[in-house]
Amino acid sequence: MAYLMVMQVSFFGVVVAVMQVVTAIGMPIMGALSDTVGKRKPFVISLTGVILIFASLLGLFHNIYVVLILYVIANLAYQWSLAFYDAMLPFIAAPKDVGKVGGFGVAFGYLGTIISLLVMFPLIMAYGDVVSKDPNPANLAYGYAGEWFTFYSSFNLWE
């Protein structure tokens with residue numbers, strides 16, 4: 071049993087490593103696309119939709135290979151969306167404030183993660199086995215995280 075767990079962890083590590091290589095290869099392509107097309111917001115919105123769909127589906131599947139595929143697609147979309155998001159910063163903030171605005175974006179993202187965890191953990195512990203027949207009630211968190219992500223990502227739709 072321990073050997074199987076080590077193999078699963080090793081497999082996950084290999085998948086993440088390959089994903090990071092694909093991210094690194096794709097990032098200059100995304101940057102060039104951003105600079106060539108000039109319109110960044112449609113890419114941010116489209117990639118956000120991909121993230122939302124694939125990340126929200128994570129809790130519905132129990133096959134490790136399906137979960138890893140969903141995770142890889144969601145994470146690639148997230149990483150690549152940053153090329154377009156970061157390219158928008160000089161247009162929405164004064165040059166001296168670009169770092170501050172980007173930093174606040176990251177900080178609020180982490181704050182949202184912490185708040186989400188603080189809300190979900192007690193709910194999962196109290197009601198997970200009642201609401202879901204899933205042997206891992208933490209899977210309920212994916213739907214909640216998807217809703218949370220959708221709400222805060224919707225601010226991208228504003229002009």
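Residue numbers (our numbering): 71 to 229.
Beta carbons are placed, not taken as given, at the ideal position from N, Cα and C, and that holds for glycine.
### Query
Can we say the region 141 to 153 touches the region 87 to 99, given the rule of at least three CB pairs closer than 8 Å?
The region 141 to 153 vs the region 87 to 99: in contact.
Q | 8 Å Cβ cutoff met for residue 159 and residue 172 | A | Taking the first residue of the sequence shown as 1, we reach residue 159 at position 89. Taking the first residue of the sequence shown as 1, we reach residue 172 at position 102. Less than 8 Å divides the Cβ of residue 159 from the Cβ of residue 172.
field: Reference residue 181; option with closest CA among 95, 79, 110, 222
entry: As a working mapping, residue 181 is identified with position 111 in the sequence shown. Of the candidates 95, 79, 110, 222, the one whose C-alpha sits nearest the C-alpha of residue 181 is 222.
**Asked** Nearest CA to the CA of residue 83: which residue from 225, 141, 218?
**Response** Within the sequence shown, the letter at position 13 stands for residue 83. The alpha carbon of residue 83 has as its nearest neighbour, out of 225, 141, 218, the alpha carbon of 141.
Exercise for the section: Taking 8 Å as the cut-off, decide whether the C-beta atoms of residue 144 and residue 100 are in contact. Expected result: In the sequence shown, residue 144 corresponds to position 74, counting from 1. In the sequence shown, residue 100 corresponds to position 30, counting from 1. It is not a contact, given that the beta carbons lie outside the stated cut-off.
| Roughly how many angstroms lie between the CA atoms of residue 129 and residue 218, to the nearest whole one? | One-based indexing of the sequence shown puts residue 129 at position 59. One-based indexing of the sequence shown puts residue 218 at position 148. Approximately 15 Å, taken between the alpha carbons.
Q: At 4 residues or longer, and completely inside the region 75 to 129: list those alpha helix (DSSP H) runs for me, N to C.
A: Counting whole runs of 4 or more residues, the region 75 to 129 contains the alpha helix (DSSP H) stretches 111 to 127.
Chain-order list of residues whose beta-carbon lies under 7 Å from that of residue 112 (same chain, five-residue window excluded): Numbered from 1 along the sequence shown, position 42 holds the residue referred to as residue 112. Nothing listed; no residue qualifies.
>> Considering only their Cβ atoms, is the gap separating residue 85 from residue 138 smaller than 8 Å?
In response: Residue numbering aside, residue 138 sits at position 68 when the sequence shown is read from its first letter. Residue numbering aside, residue 85 sits at position 15 when the sequence shown is read from its first letter. Yes, Cβ-Cβ distance for residue 138 and residue 85 is below 8 Å.
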